[in-house]
Every structure is written in C-alpha cells, then in structure tokens.
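Protein chains in written order, with the numbering used here: chain P, 1 to 344; chain D, 1 to 344; chain L, 1 to 344; chain Y, 1 to 344.
A short worksheet on the structure shown next.
In structure tokens, the structure reads:
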C-alpha cells in the first residue's frame, strides 16, 4: 500500500500515518520528495485498512499495490481451473484450460414442445449444455416474467433424456433451493452481479455458477464478485462476458473481447462469451462468437430458436438452428488454432 | 409505434406486419417513401407487442412513441406527487412539490453511541429524517457488512426519541419483514435498482421507498424501476440521484444534475440528491448539494460524522457536523429562490 | 514516481530500474514487501521518464505522484487567476475569483440583422460578452458551415457599437490570423480540445482563450490541454464545461457539475459553464445554469434567439430573450450566496 | 422522417408542420393516435430540414428514418470497396473484399537506423505496408512531438528500397502538402476524427486515407467523418478501429470488435483494426489481432520494435519481431476460415 501525503503537511500527520501502519502490524517506509512525502506500508496488504488510512489528516491518496481479490487471482492459483458441470444422470462436461464449452438453448422456456424442439436442435448442432430461462429479469413490470418452477421441471426432464446438463438463471435468494434441485449450473445475470446476498447463497451450494459480467462493471469488480462465491467454499465459478454499455447505439451492448485475455492473465477462472445478448441482433452473433474464441475464450453461450418471430423474449437475437450448426463448425476450426477443443 | 421496413422488401412482408398490427386491435397507417415503407400502428400502444413486430421478416426497426412506464409518468399524473414519511410516533415529513427534505446521518450504524451523537448533530443541523446503514452492500466479501437487526433497533429507538423518521437500506427480499418493522423509509441502493424481486416486495408494503439510480442507468430505466414499485400499489416512491459512472476519475461518480429537470419534466415523482456517495470526497459535497437544489431537487441525503477517520465506511465523504449546518443554511437560501422550502 | 515490480522478479531487474532512476538524476528508495518490491523515485518528477521505466523488464506498473500539468495547477499558482477580456474600444470584462461573467448570443451568425437584434437582447438581459459562430464544426459535411470572415466583421462592428467584447470559435490553424484580427476571445470547441497544433497557435497570441472540455475528456486531460496554451506564454485561459457523453439519452450531453469544484481545487483557472450545448433543449437550460453557479462556476455561456424556429443551427436549445433575462436574475441572486458577482 | 407531436397540441401546430413539410417538397402523412399525432414526411429525406422541424411549436421529437451519410452507405454502393495503396515505385497493395492488409512498423520514427531495422523485421514478418510517426499528437506539451519532415524523408526512402507503401499520421491542415509528397496513405488519428477542416483537405488529394475511430465516437459519427472525405471526391477511405473509452481500466481502450460486423453491414468501406493502441500492453495485442480477423476485419495495424525499452513512445505495446511473425501465422490461418487472404 502506498500512501501519498498532501504537499507541505506537518510532521505530526506523517507520524500519525506511520503509527497507524505499525498498529496494523506492518512496516512504514518513508520517501521524502521535493514536494511530498510518500509512505510505503510493507507487510500483508490484506491486513492494512486502506479506508482508515485514507481518512487521516494530510493523506492525499492511498494506492493499493495488490489486487483486492485473492481466491480468484492467478497468483493464488497458477494453473487454469477446469470446472466440471453435470455428472451423474447427465454427461459430465468440462470447461477451462484446453476444454471449450458450448451452451445453447432458447432465451426463455415458453412451453414444453418448443423446449424439446430447440434442445434437440442445439444438441445436433454441437451444444453440450442446455440453457433456458425459468425466471426472467425484465426492465418493465408489464413484460412476461417466466414460467418458474414448471420450466425448471421441463428443463430437468429434457436434460436427463438428452444427457445434457442444464443451466438456468437465478434472480433471488428465495429461488436457490428450487433451482439447486433441478439445475446443474446456476446462472447469475448481469443485473445481479453485485447482488451480494445472492452470490453468497449460491456460494454455499456445491453447484457451479456461471457469473455474467455487469453492464458497467470492470474486470476487477467482476473478479471481486467471483470472490464472493469462492469465499463460501464453492470453487466452480465460470465467468461469462456478455457485453458492456458503451456509447455505440447500433447494438445493444459492446462485447468486451479484451476482457478475455485480461481475465486469463489475472485469474485462473474459465471465461466464456455470450454473443447473443451483447449483439441483440442475429446478424452480428456469429462474428462475435468467432472473435471470442479467437481471443482465447473457453466457450460460448448462444441463443437458438427455430421460429424467432414467435419467441416471447429476445427473438431478434436468436440464431436459427442451421446458423448455429454452421458457426459451431467455424468455432471448432478456430479453437484448434488457439489450442482448445470443443467436445466431439 | 412506428415500424420502419428495410429497403425494397416484398409487399408480402408489409402485409404481414399490417395483419399483425390489426390482430393486436390497432390500425396500421402506411407511408410509402422513395426507399422505404414506414408503418404507423395507431391505438393503445400498451397493447402492441413491439418485440413481436421487430422479429417479423423485413422489419428494420421499431420505434415506440410513448414512454414504457405509465404510473410514473407526468402524463398519467399531472401534479407533483407529495410523499409522506413517518407519522404516528414520529413527526410526519413531506417531500415533493414545494416541500424539500433533508435526510442525514452516518453511512453505517457502527455502535449505539456514535449513532446517537450523529443523530443529535444532524437534527441540530436541520435534518428531519435520520438515515443509517444496517445491511451494507460491499464490493469485497472481506469488508464490514453491517450490524443487521441490532442496528435497526437502535435506529428505531433513536428516531422515536428525537421524533425523526428513519431511513435504511434493504438489500434482499428476506430482509423486507425486519426492515418494514423498524424503518419509516426503505432505501433501495444503486446496485439493486434492477433487483426486480426486491422492488416488487417493497412495492407490496405501504412504506415509502427511496429508489437510488443505478450507476449506469438512464432516467428511463430508473422510471421503469419506479414503475415496478408503483405497479404493486405503493405510491410512495422518492427518486434519489447519487451519481453515474463516467470517465472522470477525480471523483467516485458524476452527479447527474441534469436528471433533476429531466425527471421533473417526465414524471410527478419527487427527486432528491445524494452528493456524498457521488463525490466520495468531503471537499466536493457542499458544492454538489447547492447545485442540486439550484437545479430543482426536492432535497438532499448527506452523510455526517463527527470523526470521519474512525468511520468504518465511507469516512472520506462524511461532512463534519459544522459543515453540515453551514451548507443547510445555503440550501435554505437557494431553495427559496427556486420556490421550495425545507421545514423550519 | 512509484514503480511496482512484478512478483518474484530477479534482483537484476530491480537493479536495472534503480540504475535508470539514478541516471535521471533522482534517488531510488526500495520497499521490499512479502510479494513485491516497490521502488520510489525521489527528485524532480518532471525529470523522470515514466514511459521509459514502464518498458523495463519486470516492471508491473508505474504510478506518478504529481500531476502532469504545472502552469495550470493550483500548486504552481495559489490564487485564483482573473482573466481580462476586451479593453480598448470595448469595455474590459473580468472573470475569475469573485468576478462572474455572462457570455451570450446566437449559435451562428446567420445574417446582419439577426445578429444585431440578438446582441441588443442579450445586452439588455445582462450579458457582457457577445458570442456568435462564424466557422461551425458540423458532424455532417452537408450541414451549413458558417459565414466565415463576413460574420467576423459583423461581430466586430456589433461589439464595438454596443461596447461588448466578442467571442467566436476557431477550428483550424489557418484561421488564427483572421480571428485574432476581429475577436476579443478565442473559443476552442470540444472537438478540438486535443487539436494540439491549434492550441499552440492560439497560445502564441496574447488574446484570452475559452477552452471547452472534450466530450469524453477527464479534468486531467482538459488541464493538460490548457497547459498547451499556457506553455506558449498565453496566461488568459478560461475553461468552459459543456457536458460530457454519458449513457443518458434524454439530453444531448450530461453537464458535469462536479468538474466545477474539482477544477477549482486543482487549478487557479476560471471555469464557466455552457448549459445550452449540454442540454440541447431549451426546457433544461435554466436549471443547469442555476446549478452551475450554485456549484461555484465563474459564469455562463448561453445561446439566445428571438425566433428559434428560424435559427440555422441549434434552435431547440436557444433561450428566448425574456427567458434569458429571467434566468440572469436567478443567477445574480445565487452568485451572491456563493460570494461572486456579475457586473451590474 | 417521422415527426411526433406533443400530447394534445392544437390543430394549428399540426397544420404548421404539414405546411413546412410541403414547402420542402415532400408529402405529409398523418396518423392520429389516442394521445398523439404522428406525421410522416415522405420524399427525399435529404431535402427535409430535421433541425427546422424540431424547433416548431408542439413538436416533441423528430426521428430520421434514413442514415445521415450517403456515399459511405452500403445502400449507395452495394459491393465491398477495394482500396488501392501505393503503386508506381512501390508494390501496389489492396484492402477490402477478400483482400486483407498488414500494416506494421514503429510508433514513431526515432532515427534512421531504428526505422530501417524495424522495417526489415516487419517485412520479413509479413507486413506489406510500413507505418511510422513523423508528427505525434501528445496529450502533454512536454512530450516528444516527432521529427517531422526528416522522418517523412526516411520513410519514403525506406519504402522505396523495400518496395512497401508508406503510411503516416497527419495532424494539421498545414501538413497536407508535405505528407502528400512523401506518403502513400494518410492516417487520421482518433483525436482528429472530427477535425473537419483536415478531413476536407485530405479529401481533396487522391491518396487513400486511413481514418481511425474517435475514442467516444459511434459508428454513425465515424461514417459521417468518412463522408467528409468521400464528399470531396476521394474514394480511398479505409476505417481503422483502435479502441473506445469504456470504464474498464486494465487496458488503455476497449477494442470494439462489434464495430467490424456493424461497419460491414452498414457500409462498403474496408475496416482494419489497430490492437496495439487499444491494448496499450504487448500481452494483449495478439489475442485482439486474432479476434479482429475472426470478426471479419480486413487487416491489422500493429506496432513492432526490436527493443521496446528504448522506444520513445508507446514501447509497452510494441510486439517484438518474433511475436509479430508468429501472430501473422495465426492471422493467415484465421483469415482463410473467414474467406479472406493476406498477400503471400
């Protein structure tokens, strides 16, 4: 931790800061410059209360040296983590390291028949995890809010039959029990990335968690949210980049491809991309998917619908089944160049 | 609703759109331009499924004419709403129209003694509602998370004694019952502005709700979140602008002063500002507070601490009691110019 | 300057950094932490090549302690600067310290008659500097681009007759000579804030320069652009906050009121606001103007038109003459509370 | 053009708008809804003055249907444009359609020897156009500003000898003549994307122009800037995505990969990417380069230096020659999958 004092502060202020650092069990190193004194606090950075130091008289700013997350950092865990999804009644899938993952399905489970049709399509197209929404976060209270537990049951049944693990979004702590009963992979949506109570509750289960990035979150914020889950003992976190808000208005969100090599440098956690929600338009989904794999992502989450104009939610972004099959071919080819592999 | 067709689409696509609009109980008006056909859907815009139309073949874009919120709009309720806080054991306070409100207190309730000291200071300084955090949303799982129900009890006791209504933040649907028991005003924090389950649950109570704006939310998103609360029958919404994310790095967030006249034009709901969380630094809090009132806000939420370097949370932004008293003097003078009044 | 080494770098890397710092005439202070070594470079920070240090092997990041601008900083010049505009044939105006300034006029000079009508209106309303566009930066090559030197002549004539200094925008280095001949105050628009050649050229004149903030610039970027002008020997810089890009779509730009106290803390340079271009809509201009003065700004730049629906540019944001007169009354009253004064 | 009237406006306001539309030579179509009247203006949208309509009494908003650029739009020119660079003394290079381009070189020309060494390295590595900075835009007036015409001469000599076209940045209208004399491809930097005088001047030459995207510009703004060049008769525009400002602070800028499929849908102009300036760090350059080509870009602009710690500018982002050679291998393989080809 580096503490920069304001220009021309009295010696007493410097002494107070040094004293507080020593109380925290660390050592203080002083550098007196022409204009300012800079104090380095040496020791376990976790034991230093940055907040407290920043409120002391004469302190201009406090700059941490270490990252604020630990379990999520590559310094803590040098090798790529490989997370396991499913097992038991459904085929076990791996993601991370050289293992690439394809999650696909409809945005929302609308009825029994459409779920089955789409599930078969995405399986044929190459997906190995089935996703579908049961609880839907909608910006308007007047929009369709999802079928709830009924949808969960259909997803489970469908996954068991086709041998595919199931992924679905969870929005509220009161849903943890039900979703845990039916799904193989919790999805935390972008708007809940900092719903800290929810992060803690899924952290207490043993199911893996797909953590989407918040619409205006930095990679650091995101890894801190992952830390919430990890700190409860659940090591099955998978990050999902799904676009951030920018000034560009021709798409819904801007897929932040750069976050892929950044996460891979700072953390051991696998990272996949969701090009469907980022683009918001079918036309752009394939280009974003190939770009993501070429940037080093560990997989994709893609929405598919056989009849998008009937979809109750996000139809304009759903790929048709044949488009999905085609892009999976390109993804396999690019993954090979990037030293990764989708399951056969 | 305006539907813009792509260039050179076949007549069948236009006919399909017209047919769908008529199925929704509306009328379609065609304008054939040199390059494109534009279709106006006339009728109750709420009955038109924008999403569905946008998925039809040949549709380039769909532009709504009406706002997506209703109960929150000034078209629905032309007069300024005046919201009542407290009553019964504590003095009733009003906000909205010509009534300005001053909420103040510590960021977090740290212990019994500090709460009482600060409460007395803010009351003397001119605040009429006391705020204090019991449940704290923290980006790091390793930071102090608040004292929970113990803090709620102290707040209640303190409010009853001093005759001030109590405001505190709620983070999770499981806390609604406890907070409803003790507090007079629910606060929904910026990170929960789109926690739709939570909005619905506080909407089912009869207590007023202070709804902070999300860090990257537009005014439209914000009013849609207000609509969630209103749609449950709770008409006591108060908006609180607390800064948005921008590229400026000398402060924590950028207080969006413009949102004040914008909200006041689009909606009847009262709007106050929180300059403390926006600035993140004591030095800037007063200038933002005066600016907010001069822009037409209905009040302020300001953090105060008698010894900021001991505060467990957000000490650098807390005003000292004498600074608070002084700025309240300026705020009263400016409010008068803007035709509003703080209670004596 | 603080140099943070990567974890576990060899001693040779540390030695190399220390050697380079000493070559620059500074001293290196080492702090060896548990995981990292941090090196403080002590001496004239201006003499340290941050860039060079950041490219050395083993360096993780380099953090400057001092601000990168000097002449613009309050550390260099502790008192508020007071800038003089006009003098000679027109009345001298002051801005900075306790002196508030009101610049007003049409967006663009469209013809001789409209300029005179508006100039008389704004003078009666309380403005003391007349502005009008001769060269217009337009995002589309097909929009009206201004009347050029003809407009400059009319502005000069009008200013001389009414005794008001003249302010006009300059867009290209080739216009410096002509604008310098006619105007009393150069305006550098937001899109040219980092047109470094232009900044240098106006810096070589002795006329004051109104420097608007770039649409996505930080206060630091802005002060660095001011430094370009100051470094040429021209000390007459006035900053003008005119709104930054944000996600809010109900206005054109978000007036960053916070930049006012921030600039006033970091710098001695006067700062005014342009609420007209920020809002883009007449309805919001007055609320932003009063907010800016309440936040401590040294004045306003407001567009006025007697018949906005005939204006060739930015009509929707122009105040009518009577609105301008009214808001000037509010601004005078608020300025007094904030210890500033507009000229009588 | 769609004109939305405010709720409950008098008939006279509607009549006035209709009258004005007819004066512009267009037809007005009225749709009277329950709450509002919406007017469609049918005819050449270019002949409608959107600005004027938006200032009329009772008009709430005006929504254009057509894009504001023409020559840059794919509707105007359906096939991909293929732009030619060089020819004559240097090998002609193509970009656009199936032709991919690799531009590489040092950030700045520092001296004769380093330019030659790097030029040979990038040629061996697979680049076919050489870039190097002679005039440098620097945020601080105290940073190195480039060698000017001396650097231009060395670039020309080097390009002629190695048979590579030369690309260099131009910052001011006064440099057009000199740069036109030496270079084969003008580069307009991000900070000058809206320097409209400069766009016009390079538009008057017959040399191709590499137009970088502004740091906060939308794709629409960017295409409008391209339109400035095209409207002067110069059809050799190449777009270069180089990252936009976002809240992510682990890299300098966020490379907006989505802009690639968006530009390719809206326009016929070739688009390449500059991963070096976006990332700001060598570690991320290769992942961004591969992602860009996988998203459909027509090439890359990459900075290379054999000894980055000696570079006078942007050393941390320069690839070493062997890294450049390697990534060119991956780029060739991915380009093939995306149906494009780099020259052998």
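Don't be surprised by glycine CBs; every beta carbon is placed ideally from N, CA and C.
In this structure, DSSP gives residue 99 (chain Y) an extended state, which the three-state scheme calls strand.
For residue 29 (chain Y), DSSP records a beta bridge to Y:40. Relative to the Cα of residue 174 (chain D), the nearest Cα in the group D:167, D:201 and D:187 belongs to D:201.
Against chain L, the beta carbon of residue 171 (chain Y) has neighbours under 9 Å at 195, 196 and 197, listed in chain order. Shortest Cα-Cα distance from residue 228 (chain D) to any of D:215, D:204 and D:214 involves D:204. Annotation for residue 211 (chain D): the continuous beta strand (DSSP E) segment containing it runs 209 to 212. Counting only the Cα atoms, residue 67 (chain Y) lies some 16 Å from residue 8 (chain D). Around the beta carbon of residue 308 (chain P), 16 or more other beta carbons sit within 10 angstroms, so the residue counts as buried. Closest in alpha carbon position to residue 223 (chain L), among L:180, L:154 and L:241, is L:241.
Apart from the 5 residues on each side of it in sequence, residue 260 (chain L) sits with its Cβ closer than 8 Å to the Cβ of 241, 271, 273, 292, 295, 296 and 297 in its chain, given in chain order. Out of L:258, L:252, L:249 and L:83, the CA that lies nearest to the CA of residue 253 (chain D) is found in L:258. Taking a C-beta cut-off of 7 Å against chain Y, the contacting residues of the segment 200 to 234 of chain L are 215, 216, 221, 224, 227, 228 and 231, listed in chain order. Residue 73 (chain D) carries a strand assignment under DSSP once its states are collapsed to helix, strand and coil. Using a Cβ-Cβ cut-off of 9 Å, residue 76 (chain D) does not count as an interface residue toward chain Y, since no Cβ of chain Y sits closer than that to its own. With distances taken between CA atoms, residue 2 (chain P) lies nearest to P:54 out of P:219, P:35, P:54 and P:278. Residue 259 (chain L) is bridged by DSSP to nothing; it lacks a bridge partner. When the beta-carbon positions are compared, residue 304 (chain L) and residue 316 (chain L) stay at least 9 Å from each other. Excluding the 5 residues flanking it on each side, residue 81 (chain Y) has same chain C-beta neighbours closer than 6 Å at 96, 268 and 269, in chain order.
Chain order gives the chain L residues near residue 31 (chain P) as 29, 40 and 42, where near means a beta carbon separation below 7 Å.
Taking the C-beta atoms as reference points, residue 92 (chain Y) is found nearer than 9 Å to residue 165 (chain Y). In the DSSP annotation of this structure, the continuous segment of the beta strand (DSSP E) that includes residue 170 (chain P) starts and ends at 166 to 170.
Our two residues, residue 39 (chain L) and residue 23 (chain L), have alpha carbons roughly 15 Å apart in a direct line.
By the 16-neighbour rule on beta-carbons within 10 angstroms, residue 250 (chain L) is buried. Proximity of chain Y to residue 245 (chain D) at the Cβ level (cut-off 9 Å) is accounted for by 247, in chain order. Where residue 272 (chain L) is concerned, there is no enclosing alpha helix (DSSP H), although the beta strand (DSSP E) around it starts and stops at 271 to 273. Rounded to whole angstroms, residue 65 (chain L) and residue 28 (chain L) show a C-alpha spacing of 14 Å.
The C-beta of residue 186 (chain P) comes no closer than 9 Å to any C-beta of chain L. In this structure, residue 334 (chain D) sits away from residue 244 (chain L), with a CB-CB distance that is not shorter than 9 Å.
No residue range can be given for residue 340 (chain Y), since it is assigned to no alpha helix (DSSP H) and is classified by DSSP as neither H nor E. In the three-state scheme derived from DSSP, where H, G and I count as helix and E and B as strand, residue 140 (chain P) is classed as coil. If you compare the alpha carbons of D:313, D:300 and D:314 with that of residue 343 (chain D), the shortest gap goes to D:300.
In the DSSP annotation of this structure, residue 203 (chain Y) is not part of any beta strand (DSSP E); the continuous alpha helix (DSSP H) holding it starts and ends at 196 to 203. Residues are counted here when their Cβ sits less than 8 Å from a Cβ of chain P; for the segment 52 to 86 of chain D these are 52, 54, 55, 56, 57, 68 and 69, given in chain order. For residue 123 (chain D), the secondary structure class from DSSP, reduced to helix, strand or coil, is helix. DSSP places residue 87 (chain P) in the strand class (E or B) of the three-state scheme.
Residue environment for residue 341 (chain D): exposed (fewer than 16 other C-beta atoms within 10 angstroms of its C-beta).
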